[in-house]
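Here is the structure we will look at, set down as structure tokens.
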Amino acid sequence: MKFLEKVNFSIETIEELQESVPNKLQELLISQSKLVIANIKYLQDLNITNIEEIFIKFYDMFLMDNSNFIEVFNKYDLEDLVNKINQNKNIVEYL
Amino acid sequence: MENFANKIQILNYSDKEKMSLNKFMTSLSDDIVSYEELEKIYNYLKANGINITKPSQNKIFACSYDFIFEVVEEYKSMSLVNALIEDPTRITCKNSIKRIKYFQLKGLPLTKPNGKFVKDIFSKTLFEKTYGNIDLDSELKPKEFDPLASNEYKQEDKTITNLFSENKNLDEYEAVINAPQVPADDDAIKSFDKLYSYAEKVLNKLYGTDNSKVSVPDNVCTNLIKLTAQKMDDEKKILLYALTYGKHLGEEEEQFIKNKIDEIFDNDSEFGQIELESI
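Note that the protein sequences, when read in sequence, are chains W and R. Counting in the working numbering, the first sequence tops out at residue 457, every number present. Counting in the working numbering, the second sequence tops out at residue 280, every number present.
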């Protein structure tokens with residue numbers, strides 16, 4: 363999961379993920395690291411500030427195809443959505 | 002061909018939850034879990050009251066049935082399956098069990114006043130923020146203590162008077178704890194054995210459960226051997242100091258330990274009386 367350092371994830375977050383993500387999904391996240399990074403970068407570009415927390419909770423979601431991933435967020439008014447997500451990461455589940 | 006439809010049928014999500022299913026489909030792919038394995042896991046969890054109600058919980062199925070079985074049985078043995086009912090995704094992290102055991106060992110509350118489990122248990126980051134980077138494996142290793150071996154401690158023949166002159170702000174028990182250990186003779190070892198078993202009883206009365214026994218921590222052992230080797234006269238006081246010194250306990254908690262010590266000594270003397278009478 364070291365590839366997450368490329369998107370500035372902290373060592374603590376990476377260790378937390380290594381401890382809690384099932385092996386099969388860790389392997390998949392690593393093998394699909396380019397896709398995962400593209401999805402993370404999309405959220406970074408939106409100025410979402412709690413991406414690491416979102417990733418810890420919904421890491422499997424970051425394996426979505428990048429265009430589908432973007433579509434999940436693009437359905438909404440982005441400024442409003444980003445504010446809401448920054449206040450409460452859990453709403454990502456219901457987008 | 003992927004077997005999503007049948008898997009989704011087993012999971013039986015509500016219509017509202019199905020709306021978010023597309024985001025969490027990867028964990029249901031055949032590369033991750035077969036239909037048979039998913040059904041087996043789902044039914045086992047359900048039988049234990051653990052219901053998968055949200056697609057974001059699909060990640061559980063990336064764990065093997067054996068892994069899940071082992072984790073759930075461990076929680077059951079600690080009577081803490083509620084923690085998994087509260088959030089089934091906690092199953093994916095085996096290390097949380099070590100943190101729970103650490104909490105139990107230290108007598109820390111596992112739940113908040115609202116009945117929910119404290120998050121520190123289920124997150125390495127949160128745990129380490131509060132308690133530091135603790136080697137849980139060595140902390141939780143059953144402690145064995147050989148009082149004879151403790152003679153290997155630095156052996157300086159210090160009298161209590163000497164200790165006092167070096168530690169003027171401490172009472173005599175504290176002074177002994179803060180000094181190097183003196184050699185333990187046979188009487189001291191006997192006294193240590195007795196008080197060690199009492200310490201074990203006190204700790205288990207306070208923090209133990211039917212399924213999880215608390216062992217005496219190293220520092221308590223060290224305090225005990227120092228105090229018994231120095232032949233301090235009040236056994237209750239030895240036990241109290243051994244258990245509480247340097248622990249920064251509140252008045253209430255210290256009083257609670259004091260009461261347990263009294264209780265154990267009272268029971269012991271009653272037992273001795275009965276034995277004498279029967280003779």
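The beta-carbon is built from N, C-alpha and C at its ideal position, and this holds for glycine as well.
Just tell me which of the options has its CA closest to the CA of residue i.
i	options	result
Ile239 (chain R)	R:Ile86, R:Tyr197, R:Lys55, R:Lys125	R:Tyr197
Glu415 (chain W)	W:Leu391, W:Ile447, W:Gln394	W:Ile447
Phe128 (chain R)	R:Lys142, R:Lys102, R:Asn49	R:Lys102
Tyr66 (chain R)	R:Ser57, R:Asp32, R:Asn44	R:Asn44
Glu264 (chain R)	R:Tyr199, R:Tyr208, R:Thr245, R:Asn224	R:Tyr199
Tyr404 (chain W)	W:Val444, W:Glu455, W:Gln449	W:Val444
Ser401 (chain W)	W:Asn430, W:Glu367, W:Asp439, W:Asn385	Looking at the sequence provided, one finds Asn at residue 401 (chain W) rather than Ser. Of W:Asn430, W:Glu367, W:Asp439, W:Asn385, the residue nearest in Cα terms is W:Asn430.
Leu244 (chain R)	R:Met233, R:Asn260, R:Lys41, R:Leu204	R:Leu204
His249 (chain R)	R:Lys191, R:Glu74, R:Ser216, R:Lys107	R:Lys107
Phe420 (chain W)	R:Ala189, R:Ser21, R:Ser30	R:Ser21
Phe193 (chain R)	R:Lys237, R:Gly133, R:Glu173, R:Met79	R:Lys237
Asp439 (chain W)	W:Leu408, W:Leu390, W:Val383	W:Leu408
Asn370 (chain W)	W:Asn436, W:Asn412, W:Phe435, W:Asn452	W:Asn412
Asn452 (chain W)	W:Pro384, W:Ile373, W:Phe417, W:Glu433	W:Phe417
Ala189 (chain R)	R:Glu173, R:Leu207, R:Lys206, R:Asp234	R:Asp234
Lys214 (chain R)	R:Thr223, R:Glu201, R:Asn224	R:Glu201
Ser15 (chain R)	R:Glu38, R:Lys55, R:Asn23	R:Lys55
Asn428 (chain W)	W:Asn450, W:Thr375, W:Ser395	W:Ser395
Asn436 (chain W)	W:Gln449, W:Leu457, W:Leu425	W:Leu457
Glu175 (chain R)	R:Lys24, R:Ile262, R:Gly247	R:Gly247
Ile262 (chain R)	R:Asn96, R:Asp31, R:Asn52, R:Lys206	R:Lys206
Lys113 (chain R)	R:Ala84, R:Leu29, R:Ser35	R:Ala84
Contact criterion: CB-CB distance below 7 Å. Does residue i meet it with respect to chain W?
i	result
Asn134 (chain R)	no
Lys24 (chain R)	yes
Ile122 (chain R)	no
Asn205 (chain R)	no
Asn179 (chain R)	no
Thr131 (chain R)	no
Lys125 (chain R)	yes
Ile161 (chain R)	Because Ile161 (chain R) sits at a pLDDT of 48, beneath the cut-off of 50, its placement in the model cannot be relied upon, and the following sentence gives the value as read from the coordinates. No, no contact with chain W.
Can you tell me whether residue i is helix, strand or coil according to DSSP?
i	result
Phe118 (chain R)	strand
Thr27 (chain R)	helix
Thr210 (chain R)	coil
Glu276 (chain R)	Reliability of the predicted coordinates at Glu276 (chain R) is poor, the pLDDT of 43 falling under 50, and the value obtained from them is presented with this limitation in mind. Of the three classes helix, strand and coil, the one that applies to Glu276 (chain R) here is helix, per DSSP.
Ile402 (chain W)	helix
Ile262 (chain R)	helix
Pro56 (chain R)	helix
Ile51 (chain R)	coil
Asn370 (chain W)	coil
Ala185 (chain R)	coil
Gln394 (chain W)	coil
Asp235 (chain R)	coil
Thr411 (chain W)	coil
Asn450 (chain W)	coil
Asn445 (chain W)	helix
Ile226 (chain R)	helix
Lys364 (chain W)	helix
Asp16 (chain R)	helix
Val215 (chain R)	coil
Ser429 (chain W)	helix
Val177 (chain R)	helix
Ser65 (chain R)	coil
Ser192 (chain R)	helix
Lys155 (chain R)	At Lys155 (chain R), the pLDDT of 39 sits below 50, so the modelled position is not reliable; the number obtained from the coordinates is stated separately. Coil at Lys155 (chain R), not helix or strand.
Ile33 (chain R)	coil
Val203 (chain R)	helix
Are any of the Cβ atoms in chain R nearer than 7 Å to that of residue i?
i	result
Met363 (chain W)	no
Phe424 (chain W)	no
Phe417 (chain W)	no
Lys446 (chain W)	no
Lys451 (chain W)	no
Phe435 (chain W)	no
Ser382 (chain W)	yes
Lys386 (chain W)	yes
Glu455 (chain W)	yes
Phe420 (chain W)	yes
Glu374 (chain W)	yes
Glu378 (chain W)	yes
Does residue i come within less than 7 Å of chain C when only Cβ atoms are used?
i	result
Ser393 (chain W)	Note that chain C does not occur in the displayed structure, where the protein chains are W and R.
Which residues, taken in chain order from the stretch 51-62 of chain R, show a beta carbon closer than 9 Å to some beta carbon of chain W? Listed by position, the residues of the stretch 51-62 of chain R near chain W (Cβ gap below 9 Å) are Lys55, Pro56, Ser57, Asn59, Lys60, Ile61, Phe62.
Which residue spans inside the stretch 69-139 of chain R form an unbroken alpha helix (DSSP H) run of at least 4? As for any alpha helix (DSSP H) of minimum length 4 sitting wholly inside the stretch 69-139 of chain R, the runs are 82-87, 96-107, 125-132, ordered along the chain.
Given a limit of 7 Å on CB to CB distance, which residues of the stretch 20-47 of chain R reach chain W? If the cut-off is 7 Å between Cβ atoms, the stretch 20-47 of chain R has Ser21, Lys24, Phe25, Thr27, Ser28, Ile33 near chain W.
So if I threshold CB-CB distances at 8 Å, which residues from the stretch 86-105 of chain R count as touching chain W? Within the stretch 86-105 of chain R, those residues whose Cβ lies closer than 8 Å to any Cβ of chain W are, in chain order, Thr93, Cys94, Asn96.
Taking a Cβ distance cut-off of 7 Å, strictly less, list which residues of the stretch 212-227 of chain R are near chain W, in chain order. Residues passing the 7 Å Cβ filter: none.
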